[in-house]
Amino acid sequence: MATSAAEELREFCQTPGSASQFFPFGSQGYKDSVRHWLQSSSDVAEAAVQPGNAKDLSEIVKILGKWRAPFAVKGGGHATSPNLSSTRGIQIYMNRFENVRYLRKPDKRLEVGAGCLWDRVYREVVPLGRNVIGGAASEGVGVAGWCLGGGYSLKSNNYGIGIDSILGFEVVLPDGRIVNANQNENSDLFAALKGGGNNFGIVTKFILKTYPQRRTYGARITFQKPEFEQAEAAIADFAEKETKRRAAIVAAFRHTLIPGKTEPESVINLTCIYDGKKRTYDPFKRFQSIKGSPYQPDAAGWGVRAAAAPVQPMSFAQRAIKVSNVDDSDNDADDDGGSSEISASAAAAGFREMDYFEADQLSGSRFDPPEWQKQSSPALDMPTFAQVRTAQPMMMAAAAPMPTPQKSSMSGVGEVKGCGRFGCIMVSGYTKKLVKTVSEQSRISASKMANNGGRMVIIDVWPFLPRLFETSTPSAWPHPRGKVWFPCLAYFLWEEEKDTKFWLDEMARAFAKIKEVAKKEGCHEDSFPAYCNVSLDTTTPEEIYRDNLPWLMDLRAKYDPDDVMGLCSGFKIPHPGGRAKPDGDRDTVST
Ligand SMILES: Cc1cc2nc3c(=O)[nH]c(=O)nc-3n(C[C@H](O)[C@H](O)[C@H](O)COP(=O)(O)OP(=O)(O)OC[C@H]3O[C@@H](n4cnc5c(N)ncnc54)[C@H](O)[C@@H]3O)c2cc1C
Numbered sequence: 000m001a002t003s004a005a006e007e008l009r010e011f012c013q014t015p016g017s018a019s020q021f022f023p024f025g026s027q028g029y030k031d032s033v034r035h036w037l038q039s040s041s042d043v044a045e046a047a048v049q050p051g052n053a054k055d056l057s058e059i060v061k062i063l064g065k066w067r068a069p070f071a072v073k074g075g076g077h078a079t080s081p082n083l084s085s086t087r088g089i090q091i092y093m094n095r096f097e098n099v100r101y102l103r104k105p106d107k108r109l110e111v112g113a114g115c116l117w118d119r120v121y122r123e124v125v126p127l128g129r130n131v132i133g134g135a136a137s138e139g140v141g142v143a144g145w146c147l148g149g150g151y152s153l154k155s156n157n158y159g160i161g162i163d164s165i166l167g168f169e170v171v172l173p174d175g176r177i178v179n180a181n182q183n184e185n186s187d188l189f190a191a192l193k194g195g196g197n198n199f200g201i202v203t204k205f206i207l208k209t210y211p212q213r214r215t216y217g218a219r220i221t222f223q224k225p226e227f228e229q230a231e232a233a234i235a236d237f238a239e240k241e242t243k244r245r246a247a248i249v250a251a252f253r254h255t256l257i258p259g260k261t262e263p264e265s266v267i268n269l270t271c272i273y274d275g276k277k278r279t280y281d282p283f284k285r286f287q288s289i290k291g292s293p294y295q296p297d298a299a300g301w302g303v304r305a306a307a308a309p310v311q312p313m314s315f316a317q318r319a320i321k322v323s324n325v326d327d328s329d330n331d332a333d334d335d336g337g338s339s340e341i342s343a344s345a346a347a348a349g350f351r352e353m354d355y356f357e358a359d360q361l362s363g364s365r366f367d368p369p370e371w372q373k374q375s376s377p378a379l380d381m382p383t384f385a386q387v388r389t390a391q392p393m394m395m396a397a398a399a400p401m402p403t404p405q406k407s408s409m410s411g412v413g414e415v416k417g418c419g420r421f422g423c424i425m426v427s428g429y430t431k432k433l434v435k436t437v438s439e440q441s442r443i444s445a446s447k448m449a450n451n452g453g454r455m456v457i458i459d460v461w462p463f464l465p466r467l468f469e470t471s472t473p474s475a476w477p478h479p480r481g482k483v484w485f486p487c488l489a490y491f492l493w494e495e496e497k498d499t500k501f502w503l504d505e506m507a508r509a510f511a512k513i514k515e516v517a518k519k520e521g522c523h524e525d526s527f528p529a530y531c532n533v534s535l536d537t538t539t540p541e542e543i544y545r546d547n548l549p550w551l552m553d554l555r556a557k558y559d560p561d562d563v564m565g566l567c568s569g570f571k572i573p574h575p576g577g578r579a580k581p582d583g584d585r586d587t588v589s590t
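Numbered by numbering that gives the first Met the number 0, the letters in the sequence shown go through residues 0 to 590 in order.
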């Protein structure tokens with residue numbers, strides 16, 4: 000007879016016919032399951048389980064509910080704060096839900112398993128001449144977390160945010176039932192899952208709209224300090240005046256402190272992507288006269304990057320879209336029908352036609368940590384881990400809180416060494432003054448790195464068109480037609496846990512200043528909902544869901560009467576019943 004959730008899960012996974020695997024603390028499968036992109040987003044779980052299919056997941060959820068065991072669900076593990084997809088309880092890792100299926104009939108939809116990463120999905124669907132609305136910096140980012148939070152894409156100016164291109168979900172409800180949620184079945188749940196995170200169950204499959212994918216046009220340019228003023232003006236000009244729906248820029252104000260140096264290296268990394276063939280009008284012309292160094296990913300070696308290398312002709316043989324498959328019935332408001340010839344000045348600035356894979360790689364590079372920042376070894380520091388573990392054996396049975404682990408014990412459980420956070424404020428546009436403020440504030444924060452263990456400071460300007468929510472569908476996350484908001488995002492990275500408070504305070508200081516200017520410039524209102532996918536874990540459900548919170552709370556009671564998902568890490572929509580947690584605490588309203 001099992002005496003804890005972990006034991007019962009182990010027994011379940013060992014029963015004949017189970018497609019799932021249980022991983023005890025310290026095993027390789029355990030490490031893969033708890034590992035996150037940022038080391039600081041990982042935690043010391045009691046044990047891990049990788050469900051093999053929806054039926055097994057249903058049993059696993061029932062076991063967790065029965066024991067009132069804390070747990071977390073991890074998709075791609077790219078949560079940018081702790082406590083969202085990590086736990087001291089049972090770590091569920093969805094990696095075995097990896098099927099991708101394109102259905103030409105009835106409507107060219109794509110079924111995507113909840114364990115898939117965006118780069119994998121693009122590889123499957125782009126060769127068919129189709130694509131989905133997915134993450135911009137896609138390598139390793141999970142479809143699940145991105146879709147369940149909202150989803151800003153390089154294609155969003157044309158097709159809206161990710162949740163508006165979801166046709167349906169397959170989901171395991173907190174009582175173990177496996178149901179579909181779409182416009183015709185459980186339509187209230189369908190809306191609640193769009194931005195509602197893991198509050199209503201565990202999604203096993205996403206059904207996504209696809210759109211024609213043509214070749215793309217663009218470049219990534221790095222500007223150095225002498226060009227900052229000109230670059231900032233051109234970025235603001237693009238944000239204020241550009242109307243082409245297929246054109247997107249992401250400007251990263253990036254400062255990196257190399258160990259041993261006192262001054263950060265400061266650059267603006269500008270990614271320009273036109274999601275279609277270049278026509279006569281070039282939306283990126285305003286950047287081409289500014290001196291910058293083009294960025295050239297290696298077309299032959301996925302993931303190998305060479306900054307500022309000379310522009311080489313690209314070979315697309317391996318990854319070319321099968322052009323015969325491209326469905327051009329897509330309405331192209333941008334198409335001026337003109338010449339696709341690339342001007343000499345554009346080519347000199349690194350602009351070129353490319354396939355979608357290369358475009359995706361260009362945008363992905365903006366979050367890529369420098370070589371020295373990556374984990375040198377994937378091994379866990381097991382002795383320290385073991386001390387944490389043996390200090391509180393059978394945590395579930397005893398229902399006692401684990402001691403705070405020494406952070407050194409977490410080495411090897413993140414792709415990016417050290418501690419980091421994404422944070423954001425929501426804006427509705429950028430003016431020249433606001434872009435300048437972002438640039439200034441990133442520099443002020445960066446100047447504090449040398450004395451406070453800082454390693455990288457990035458603040459992004461990623462502007463969108465006012466039409467962003469024109470295709471808005473009923474969703475948990477508020478984004479009504481006629482309104483517009485999007486994240487002004489900061490990514491700070493530092494070396495040690497002891498400096499966490501300093502850097503969170505510093506991010507708050509920088510955002511307070513940016514917000515003050517954004518308000519004055521008419522680009523921010525206090526009522527804008529927070530975007531949970533890049534918000535700090537201290538963000539409240541009121542800040543995320545605004546006026547939608549009451550109906551979401553009602554739906555929590557309807558679909559999760561026993562508040563099982565209240566045991567799951569993440570941004571929590573309060574449960575009207577507020578059932579007791581195992582340690583005797585009541586659920587609280589804020590996260
Ligand atoms: C490098 C990088 C690039 C990014 N680029 C973009 C971008 O272009 N646009 C954008 O909008 N955001 C972007 N983000 C933010 C990203 O959307 C979020 O970090 C997102 O949560 C990542 O999803 P994940 O599955 O990898 O995360 P995870 O850490 O696995 O999960 C995040 C949340 O989703 C929940 N969850 C995961 N799987 C399931 C499931 N099957 N059922 C129910 N709940 C589940 C988790 O419990 C957790 O609460 C980026 C982040 C990074 C680090």
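All C-beta atoms, glycine included, are put in the ideal place defined by N, C-alpha and C. Just so we're clear, the structure is a prediction, and the values are computed from it rather than from any experiment.
- Inter-residue spacing [alpha-carbon to alpha-carbon] between Lys224 and Ala250: Using only the alpha carbons, I get a separation of about 14 Å.
- Sequence-distant residues of its chain with Cβ nearer than 8 Å to Ala445 (five each side left out): If we look at Ala445 and ignore the five residues flanking it on each side, its Cβ neighbours are His254, Leu256, Pro263, Ser265, Gly453 and Val456.
- Task: Please classify Leu256: does DSSP put it in a helix, a strand, or coil?
- Result: Three-state DSSP puts Leu256 in coil, outside helix and strand.
- Item | Presumed contact (8 Å Cβ cut-off) between Val72 and Asn197, rounded CB distance | At roughly 5 Å, the Cβ-Cβ gap stays under 8 Å, so Val72 and Asn197 are in contact.
- Message: Tell me the DSSP secondary structure of Asn181 in three-state form.
- Response: Here Asn181 sits in strand by DSSP.
- Reduced DSSP category for Tyr530 - H, G, I as helix; E, B as strand; rest coil: Note: Tyr530 maps to coil in three-state DSSP.
- Query: Thinking just about the alpha-carbon of each residue, which of Asp55, Val43 and Thr209 is nearest to the one in Pro15?
  - Reply: Comparing C-alpha distances from Pro15 to each of Asp55, Val43 and Thr209 shows the shortest one belongs to Asp55.
- Does the segment 183-201 come within contact of the segment 569-578, defined as at least 3 CB pairs closer than 8 Å? Contact check between the segment 183-201 and the segment 569-578: three or more CB pairs, one atom from each, fall below 8 Å, which counts as touching.
- Between the CA atoms of Asp333 and Arg466 - distance to the nearest angstrom: Roughly 14 Å separates the two Cα atoms.
- Task: Put Gly148 into one of helix, strand or coil per three-state DSSP.
- Result: Looking at Gly148 - three-state DSSP - the assignment turns out to be helix.
- Query: If you drop the 5 nearest sequence neighbours on each side, which residues of the same chain put their C-beta closer than 6 Å to that of Ser600?
  - Reply: Only positions 0 to 590 of the chain appear in the structure, and residue 600 is not among them; the question remains open.
- Since Arg122 and Lys107 are thought to touch, with beta carbons under 8 Å apart, how far apart are those beta carbons, to the nearest angstrom? For a cut-off of 8 Å, the C-beta gap from Arg122 to Lys107 is around 18 Å, too long to register as a contact.
- Message: Does the segment 228-244 come into contact with the segment 182-193, if we say contact requires no fewer than three beta-carbon pairs (one atom in each stretch) closer than 8 Å?
- Response: Contact between the segment 228-244 and the segment 182-193 is absent, because fewer than three Cβ pairs lie under 8 Å.
- Would you mind reading off the limits of the beta strand (DSSP E) that contains Asn268? Segment Glu264 to Tyr273, the beta strand (DSSP E) holding Asn268.
- Looking only at DSSP bridge pairs, what is Ile89 linked to? Paired residues: Ala46 and Phe70.
- Message: Classify Thr389: buried if its beta carbon has 16 or more other beta carbons within 10 angstroms, exposed otherwise.
- Response: Note on Thr389: pLDDT 37, under 50, position unreliable in the model; no value is reported.
- Query: In whole angstroms, what is the alpha-carbon distance linking Lys464 and His478?
  - Reply: Reading off the sequence shown, one finds Leu at residue 464, where the question assumed Lys. CA-to-CA, the gap between Leu464 and His478 works out to about 14 Å.
- Query: Around the Cβ of Tyr280, are there at least 16 other Cβ atoms within 10 angstroms (buried) or fewer (exposed)?
  - Reply: It is exposed - the Cβ of Tyr280 has fewer than 16 other Cβ atoms within 10 Å.
- Query: If we ignore side chains and look at the alpha-carbon of each, how far apart do Glu6 and Ala46 end up?
  - Reply: Taking the straight line from one Cα to the other gives about 10 Å.
- Task: Output the distance between the C-alpha atoms of Phe510 and Phe491, rounded to the nearest integer angstrom.
- Result: Pairing Phe510 with Phe491, the inter-Cα distance amounts to about 12 Å.
- CB of Leu188 to nearest heavy atom of ligand 1: below 7 Å? The answer is no for Leu188.
- Task: Tell me whether Ser84 counts as near ligand 1, meaning its Cβ is closer than 7 Å to at least one heavy atom of that ligand.
- Result: When distances are taken from the beta-carbon of Ser84 to the heavy atoms of ligand 1, the shortest one is below 7 Å.
- Is Trp36 helix, strand or coil when you go by DSSP? When secondary structure is reduced to three states using DSSP, Trp36 falls in the strand class.
- What residue does the alpha helix (DSSP H) around Val120 start on, and which one ends it? Start and end: Trp117 to Val124.
- Message: Using a 10 Å radius around the Cβ and a threshold of 16 neighbouring Cβ atoms, would you call Ala399 buried or exposed?
- Response: Interpretation of Ala399 is limited by its pLDDT of 33, a score under 50 that renders its predicted location unreliable; the figure taken from the coordinates is listed afterwards. Counting of Cβ neighbours within 10 angstroms places Ala399 among the exposed residues, the total staying below 16.
- Rank Lys482, Thr537, Phe350 and Lys276 by C-alpha distance to the C-alpha of Ser338 and give the top, closest one. Of the candidates Lys482, Thr537, Phe350 and Lys276, the one whose C-alpha sits nearest the C-alpha of Ser338 is Lys276.
- Task: Measure the Cβ-Cβ separation of Arg285 and Asp236 and say whether it is below 8 Å.
- Result: At the C-beta level, Arg285 and Asp236 come within 8 Å of one another.
- Message: Short of 8 Å in beta carbon distance, which residues of its chain neighbour His523, apart from the five on each side in sequence? Order them along the chain.
- Response: For His523, where only same-chain residues beyond five positions count, the Cβ hits under 8 Å are Ile424, Met425, Val426, Ser427, Lys514 and Ala517.
- For Ser475 versus Asn532, is the C-beta distance shorter than 8 Å? Note that residue 475 corresponds to Ala in the displayed sequence, not to Ser. Their beta carbons are not under 8 Å apart, which means Ala475 does not touch Asn532 by this criterion.
- Query: In chain order, what residues of the same chain lie with their CB nearer than 6 Å to the CB of Ala246, ignoring the 5 residues before and after it?
  - Reply: When the five nearest sequence neighbours on each side are left out, the beta carbons in the same chain lying within less than 6 Å of the beta carbon of Ala246 are those of Tyr273 and Pro282, in order along the chain.
- Between Ala68 and Ser3, what straight-line distance do the alpha-carbon atoms span, to the nearest angstrom? Approximately 9 Å between the Cα atoms of the pair.
- Message: On a Cα-Cα basis, can you pick out the residue from Leu535, Thr472 and Lys482 that is closest to Lys500?
- Response: If we check each option's Cα against that of Lys500, Leu535 comes out closest.
- With DSSP collapsed to three states, give me the class of Tyr101. In the three-state DSSP reduction, Tyr101 falls in the strand class (E or B).
- Between Val79 and ligand 1, is the CB less than 7 Å from at least one heavy atom? The sequence given here has Thr at residue 79, not Val. For ligand 1, at least one heavy atom lies less than 7 Å from the Cβ of Thr79.
- Message: Under DSSP, the beta strand (DSSP E) around Val202 begins and ends at which residues?
- Response: First-last of the beta strand (DSSP E) with Val202: Ile201 to Leu207.
- Looking at Tyr558 and ligand 1, is the gap between the Cβ and the nearest heavy atom below 7 Å? Flag unset: Cβ of Tyr558 not near ligand 1.
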